[in-house]
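Let me begin by presenting the structure, written as structure tokens, before commenting on it.
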Amino acid sequence: MSEWGVGVAGAAGRMGRMLIQAVLDQPGLRMASAWEKPGHGLVGRDVGELVGSQPLGVVLGDQAQAGFAAADVVIDFTTIPSTLEHLPLAVATQTPMVIGTTGFSAEARERIAQAAAQVPIVLAPNFSVGVNLMFQVAAQVAQVLGDAFDVEIIEAHHRHKVDAPSGTAVRLGETIADALGRSLADVAVYGRQGHTGARDRQTIGFATVRGGDVVGDHTLLFAGEGERLEITHRASSRLTFARGAARAAQWIQGRAPGLYDMRDVFGFPLTVKLLPSKKESSPWIVSKLPKSSPAKI
4 MSEWGVGVAG
14 AAGRMGRMLI
24 QAVLDQPGLR
34 MASAWEKPGH
44 GLVGRDVGEL
54 VGSQPLGVVL
64 GDQAQAGFAA
74 ADVVIDFTTI
84 PSTLEHLPLA
94 VATQTPMVIG
104 TTGFSAEARE
114 RIAQAAAQVP
124 IVLAPNFSVG
134 VNLMFQVAAQ
144 VAQVLGDAFD
154 VEIIEAHHRH
164 KVDAPSGTAV
174 RLGETIADAL
184 GRSLADVAVY
194 GRQGHTGARD
204 RQTIGFATVR
214 GGDVVGDHTL
224 LFAGEGERLE
234 ITHRASSRLT
244 FARGAARAAQ
254 WIQGRAPGLY
264 DMRDVFGFPL
274 TVKLLPSKKE
284 SSPWIVSKLP
294 KSSPAKI
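Quick note, the working numbering runs 3 ahead of the 1-based positions in the sequence shown.
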């Protein structure tokens, strides 16, 4: 099988460089295109220079359309406006996408879903194996503990992260809310200040920390009477996410149009329904689908 050509959007950024390295490390993939915004100081340089590699024969461009045309699949960890601008290009060139951008509104998610009806897209808030296992475990723990335990989600990231709470934290909240038959929009509490009164047991709390070079920490706290359960994932390198994205780029070859997530890529088994869920409200929950089917939003 010939190597699949990968295009990387935002290639000169911190995550973009990690993605290039991950593509080079992944058997069956090669760099086909890479681009930055017009006027970026590194435009015109060989992409290999961005990762301290030998020349790759791929020049950093500044036109997304050319980048899509040259690639078999595009990995996009950029910004919400940039990712949304890339969707029509993916459809026009029939180029699958792997999207790691986070913070999308419901309207933006719908635009992604519309594009995914015409071209395969992997969309995920987190590309690490550990966090995706955490999603699986969170739903099962929440169903067992039920309303007897309060749920808090604490996340920490570097000072440069622009959205809060993180996409991973929101996904955890959606997963738990769905397992408990709640709507996250109705029960989420983002930070607390002043005289808040007693805690409503139905709520799911979020706490956000930003500082330094923290790659990404997420803790689920289930607090009951006389005991508490904490589930924590800590990422020590962005390369973890980049490798997951490269794996998704390879996996998406030959897939039918649809919106997929990393559960599909990793081939996780169906989520075990320990208790019947009252609602299936989360746009991320795909536990009733076979693992090869696209997720729906």
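Don't be surprised by glycine CBs; every beta carbon is placed ideally from N, CA and C.
- Taking C-beta atoms as the reference points, P91 and P260 fail to come closer than 7 Å.
- For L224, the enclosing beta strand (DSSP E) starts and ends at 219-226.
- Between the region 9-28 and the region 39-48 there are three or more C-beta pairs closer than 8 Å, enough to call the two in contact.
- Uninterrupted alpha helix (DSSP H) stretches at least 4 residues long and entirely within the region 179-250 occur at 187-190, given in chain order.
- The residue from V132, G133, V94 with its alpha-carbon nearest to that of A116 is V94.
- A direct Cα-Cα distance of roughly 15 Å separates G208 from L232.
- With a threshold of 16 other beta carbon atoms within 10 Å, Q253 meets it and is buried.
- Inter-segment contact for the region 206-222 and the region 149-159 is present: three or more beta-carbon pairs are separated by less than 8 Å.
- Here the alpha carbons of L27 and G149 stand approximately 45 Å from one another.
- Sequence-distant Cβ neighbours of V140 in its own chain, meaning closer than 7 Å and more than five residues away, are I234.
- Classified as exposed, S240 has fewer than 16 neighbouring CB atoms from the shown chains inside 10 Å of its CB.
- Between V76 and T98 a beta carbon distance of about 6 Å is seen, short of the 8 Å cut, so the two are scored as contacting.
- When only Cα atoms are considered, G55 and R20 end up about 10 Å apart.
- When C-alpha distances from V147 are compared across L242, D267, I179, the shortest belongs to I179.
- Between A119 and L262, the gap from beta carbon to beta carbon is short of 7 Å.
- Rounded to whole angstroms, the Cβ separation of V61 and M34 is 5 Å, and the two are in contact under 8 Å.
- Looking only at Q57, P58, G170, H89, the smallest Cα-Cα distance to A72 is reached by H89.
- Residue state for R33 is assigned as strand, using DSSP reduced to three classes.
- Using a 10 angstroms sphere on the CB of D189, the tally of other CB atoms stays under 16, which defines it as exposed.
- The DSSP-derived three-state label of G70 is helix.
- Proximity to G194 across R202, A210, M265, A182 peaks at A210, based on C-alpha coordinates.
- Take the alpha-carbon of V46 and the one of E52: they are about 11 Å apart.
- Distance from the CA of A142 to the CA of F152, rounded to the nearest whole angstrom, comes to 14 Å.
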